[in-house]
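Asks:
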Amino acid sequence: MKTESRRAWAAGLFEGEGCITRYGSGSPLRTLKLCNTDKEVIDQFVAIVKVGRVYGPYAGAQLHWKPRYEWRTNRVGDADAIMEWMLPMLSMRR
4 MKTESRRAWA
14 AGLFEGEGCI
24 TRYGSGSPLR
34 TLKLCNTDKE
44 VIDQFVAIVK
54 VGRVYGPYAG
64 AQLHWKPRYE
74 WRTNRVGDAD
84 AIMEWMLPML
94 SMRR
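So the numbering used here is basically just the index in the sequence shown, starting at one, shifted up by 3.
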């Protein structure tokens, strides 16, 4: 798959499953986070963005829930670089 197609896939996944947290007004520090119960999906995302760290598995809140995995980065340069190519592919709410 071409790089642009892989990035579009990653942006779509982040659109549906990811979140952006900003700390304080005007602060450059932010965290990007993506959660999923499918580790392979998380691993594919990491292979595309090439930064951050995967945490988990975390047990589900209910016994019948699958374990979940989280990818996160809070390094300003990494988060900014990811958002630079991802933002044009995300909806206005982001």
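Yeah, the Cβ is synthetic: ideal placement off N, Cα and C, and Gly gets one too.
In whole angstroms, give me the CA-to-CA distance for Met89 and Ala64.
Replies: About 31 Å.
Asks: Gly59: which of Arg75, Gly21, Met92 sits nearest, CA to CA?
Replies: Arg75
Asks: Three-state secondary structure (DSSP) at Arg78?
Replies: coil
Asks: Rank Ile51, Leu66, Thr40 by C-alpha distance to the C-alpha of Asp81 and give the top, closest one.
Replies: Ile51
Asks: So Gly59 is in the beta strand (DSSP E); what residue range does that whole segment cover?
Replies: 56-61
Asks: How many whole angstroms separate the CB atoms of Gly15 and Leu35, which I take to be in contact at a CB cut-off of 8 Å?
Replies: Between Leu35 and Gly15 the Cβ distance is about 15 Å, and since that is not below 8 Å, they are no contact.
Asks: Helix, strand or coil for Thr34, going by three-state DSSP, please let me know.
Replies: strand
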